[in-house]
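Going down the list, the sequences are from chains H and Z.
One point on numbering: in the UniProt record's numbering, the residue at position 118 of the first sequence is 118, and numbering is uninterrupted.
One point on numbering: in the UniProt record's numbering, the residue at position 114 of the second sequence is 114, and numbering is uninterrupted.
Ideal Cβ positions, reconstructed from N, Cα and C, are used throughout, including at glycine.
Protein chains: 2
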Amino acid sequence: MTTDTEARERVLEAADRLFYAKSAHAVGMDELRTEAGVSLKKLYQLFDGKDALVEEVLRRREEAITAATMKYVVRAASPEDQVLAVFDWMADSSGTTDFRGCAFINSYAELGPSSERVTAVVRHQKSGVRGAIAAMVAATGRPEWVADSIFLLFEGAMTNTAITVSSEPARQARKAARFLLEKTA
Amino acid sequence: MTTDTEARERVLEAADRLFYAKSAHAVGMDELRTEAGVSLKKLYQLFDGKDALVEEVLRRREEAITAATMKYVVRAASPEDQVLAVFDWMADSSGTTDFRGCAFINSYAELGPSSERVTAVVRHQKSGVRGAIAAMVAATGRPEWVADSIFLLFEGAMTNTAITVSSEPARQARKAARFLLEKTA
DNA sequence: TAAGGTAGAGAACGAGCGTTCTCCAGCACA
DNA sequence: TGTGCTGGAGAACGCTCGTTCTCTACCTTA
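Structure representation (structure tokens):
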């Protein structure tokens, strides 16, 4: 017997994977149901429709990405290396063949114009990443504009790592970020 | 009387505007036909279906954006200012309320997984922008990694200018690019 | 004026979507 | 054993999509 909690988890995992890989509108509720091994009835009793599911998937992914990145950050020796660690996470993540860039940028591109809720989640994530980088950069004693710059490098590398199917942009961004930290020491 | 060439132009203009504003899958051929003032029959005799239309719209936009950016570049005094001019173009463009970021990143997010043709056009555009920046940076005598960095700043600023609905990221990216140019002089 | 061809308006079609509903197998319990 | 109930499988519904087809009105030309 599977509890509702387990079923929810399976649906969210499948939805996250499929939405990210194929974009939300390309994944039907039927495919989702099959992948998660859940009846359509249960699917709709667990979630208030596809829109709500998309929103919850994004919230969940925001937490997961933050946790995954923090694993890289905490093992860094210096405050400067902590900042650079986010690019190591990116380089490693982009090594997987199913890397498709930033799920939030992608969702905003696809659903932003039609869903205010998706837009809100995306803005929340971007503001969170920017804040996290700002905190790490502040710990190194550099001015805030350095954090803004590193954040933009991070964002640009996320999209172009996906488009070029290469971790090269992640490494280039890391190099640029290190240069900024060095020259503002 | 309107010629086929004029009708084509009207369709492409409407498609570009609507696809960019709402994303491609959110715009139906019927809405497109109405907006362009063209019969459905003519629409399908001018273009081989929606996929081909999306592809052509992107190619056309690539040329238009290149031309628009070049207007900013050519009026710059120094080679360094030419590089920075692309951020001025971005700051000005993002001032319009209908700015939605990079159409190519957006299209890749939405259609990349399902359309190899769209992916090809997007890669072509990214490689073109990267090459153009590389040429301008090379003219200033800086090493290529500076160009890579400025390109990533540009890309990150494009997406975040749209998401935050503010030209601030464009200005931040310009500042970072200028810093990179100064410190590598 | 009459005939033939063109082109536009929009009906029609098949497919796929999100969502709901029906049906029935399997269970708990008297 | 009989009776109600729960939940799963998937049929069904209404809608919209991309695409094609039909019909009619009009223009051209003899």
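Chain H contact residues for E80 of chain Z, given Cβ-Cβ distances below 8 Å: Correct list: empty, because the minimum Cβ distance to chain H is about 17 Å.
Leaving out five residues before and five after K22 of chain Z in sequence, what residues of the same chain have Cβ atoms less than 8 Å from its Cβ? none
Output the distance between the C-alpha atoms of E63 of chain Z and G131 of chain Z, rounded to the nearest integer angstrom. 15 Å
Nearest-angstrom beta carbon gap, V57 of chain H and D16 of chain H [assumed within contact, 8 Å]: About 5 Å separates the CB atoms of D16 of chain H and V57 of chain H; that is less than 8 Å, so the two are in contact.
I need the straight-line Cα distance from A157 of chain Z to A24 of chain Z, nearest angstrom please. If I take the Cα positions, the gap works out to 23 Å.
Kindly indicate which three-state DSSP category P169 of chain Z falls into: helix, strand or coil? helix
The ligand FAD heavy atom lying under 7 Å from the CB of E155 of chain Z: For the ligand FAD, the structure offers nothing, since it holds no ligand at all.
Does any CB atom of chain H fall closer than 8 Å to the CB of G156 of chain Z? yes
Looking at the structure shown, is P79 of chain H part of a helix, part of a strand, or coil, going by DSSP? helix
Chain-order list of residues whose beta-carbon lies under 6 Å from that of A176 of chain Z (same chain, five-residue window excluded): If we look at A176 of chain Z and ignore the five residues flanking it on each side, its Cβ neighbours are L153.
If you draw a straight line from the alpha carbon of L181 of chain H to that of R59 of chain H, how long is it in whole angstroms? 31 Å
Which two residues bound the contiguous alpha helix (DSSP H) that contains S149 of chain H? E144 to T164
Between L46 of chain Z and V11 of chain Z, how many whole angstroms is the CB-CB distance? I'm expecting something under 8 Å. 6 Å
Complete alpha helix (DSSP H) runs within the UniProt domain "HTH tetR-type" (5-65) of chain Z (minimum length 4 residues, chain order): Within the UniProt domain "HTH tetR-type" (5-65) of chain Z, the complete alpha helix (DSSP H) segments at least 4 residues long are 29-36 and 40-46, listed from N- to C-terminus.
Classify residue 210 of chain Z as buried or exposed, calling it buried when 16 or more other Cβ atoms lie within 10 Å of its own Cβ. Since the first residue shown for chain Z is 1 and the last is 185, residue 210 of chain Z is missing from the structure and cannot be characterised.
Between the region 29-45 of chain Z and the region 140-149 of chain Z, can you find at least three pairs of beta-carbon atoms closer than 8 Å? no
Three-state secondary structure assigned by DSSP to T97 of chain H: Note: T97 of chain H maps to coil in three-state DSSP.
Of all the CB atoms in chain Z, is at least one closer than 8 Å to the CB of T159 of chain H? yes
Straight-line CA distance for E110 of chain Z to I105 of chain H? Their backbone Cα atoms lie some 10 Å apart in a straight line.
Rounded C-alpha distance that separates A147 of chain H from A52 of chain H: In this model, A147 of chain H and A52 of chain H are separated by some 33 Å (Cα to Cα).
Mapping DSSP to helix, strand and coil, what is A177 of chain H? DSSP places A177 of chain H in helix when its eight states are reduced to three.
One question on the structure: do I163 of chain Z and Y108 of chain H come within less than 8 Å of each other, judged by their Cβ atoms? yes
Residues near P113 of chain H in its chain [Cβ-Cβ closer than 7 Å; skip 5 each side]: none
Residues of its chain near M136 of chain H, where Cβ-Cβ distance is below 6 Å and the 5 sequence neighbours each way are ignored: Q82 and V83
Please name the residue, chosen from Z:E80, Z:K50, Z:R117 and Z:K183, that lies closest to A134 of chain Z on a Cα-to-Cα basis. Residue Z:E80 is the option with its Cα nearest to A134 of chain Z.
Taking the alpha-carbon of A173 of chain Z as reference, which of H:S166, H:E155 and H:D30 has the nearest alpha-carbon? H:E155
Can you tell me where the alpha helix (DSSP H) with S107 of chain H in it begins and where it stops? A103 to L111
For K50 of chain Z and R123 of chain Z, the rounded distance between their alpha carbons: 20 Å
So what's G141 of chain Z in DSSP terms, helix, strand or just coil? coil
Buried or exposed: which applies to E28 of chain Z, given that a residue is buried once 16 or more other Cβ atoms fall within 10 Å of its Cβ? First, the amino acid is wrong: residue 28 of chain Z is Gly here, not Glu. Its Cβ having fewer than 16 others within 10 Å, G28 of chain Z is exposed.
Under a three-way DSSP split, which group does S127 of chain H fall into? helix
At a CB-CB cut-off below 8 Å, which residues of chain H make contact with K22 of chain Z? P113 and S114
Of all the CB atoms in chain H, is at least one closer than 8 Å to the CB of H124 of chain Z? With 8 Å as the cut-off, H124 of chain Z does not count as an interface residue toward chain H.
If T159 of chain Z sits next to T159 of chain H, beta carbons under 8 Å apart, how far is it from one beta carbon to the other, in whole angstroms? 7 Å between Cβ atoms; contact.
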